[in-house]
Amino acid sequence: MFVHVADQRSGETLFCRRMAPRERLDARKFAHEIAGMYDCTIAEPDGHIPNCCGDIRVEFRPRRDDPVCIWSGESFYFAA
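Each step along the sequence shown adds one to the number in the numbering used here, with nothing skipped, and position 14 is 14.
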């Protein structure tokens with residue numbers, strides 16, 4: 001399984017790596033890691049963020065370069 005994080009506006013891959021065998025599929029954890037890399041924080045929404053509507057999207061994929069087959073995904077906004 002791979003974790004893939006992309007910029008929603010540009011489609012640029014910000015982060016992609018193979019997950020460890022017992023690593024949890026925790027999208028929020030990876031979103032916070034990426035935000036920290038860019039000196040930002042993740043906004044805590046007061047409701048659901050529709051798919052593909054945030055600043056970044058965290059996806060869990062069985063194959064690195066297959067954007068069609070996604071196990072799970074979640075979108076996040078950076079805090080203002």
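Positions of the beta carbon are idealized from the N, C-alpha and C atoms, including for glycine.
With C-beta atoms as the reference, is residue i less than 8 Å away from residue j?
i               : j                : result
isoleucine 34   : phenylalanine 60 : no
alanine 55      : phenylalanine 78 : Just to set this straight, residue 55 is aspartate in the shown sequence, not alanine. In contact: aspartate 55 and phenylalanine 78 (Cβ atoms closer than 8 Å).
phenylalanine 2 : arginine 57      : no
Count the other CB atoms within 10 Å of the CB of residue i; is the residue buried (16 or more) or exposed (fewer)?
i          : result
valine 68  : exposed
alanine 27 : buried
Assuming the contact rule is C-beta atoms closer than 8 Å, residue i and residue j should be a hit. Round their C-beta distance to whole Å, please.
i          : j             : result
serine 75  : isoleucine 42 : Between isoleucine 42 and serine 75 the Cβ distance is about 11 Å, and since that is not below 8 Å, they are no contact.
alanine 20 : glutamate 12  : No, alanine 20 and glutamate 12 are not in contact; Cβ-Cβ is about 25 Å, not under 8 Å.
Report the residue from the options whose alpha carbon sits nearest the alpha carbon of residue i.
i            : options                       : result
aspartate 65 : Arg18, Ser10 and Arg9         : Arg18
serine 10    : Asp46, Met37, Cys53 and Glu23 : Cys53
alanine 80   : Trp71, Ser72, Asp39 and Gln8  : Asp39
Pull the bridge partners of residue i from the DSSP assignment, please.
i                : result
phenylalanine 2  : Arg18 and Arg61
phenylalanine 76 : Ile56
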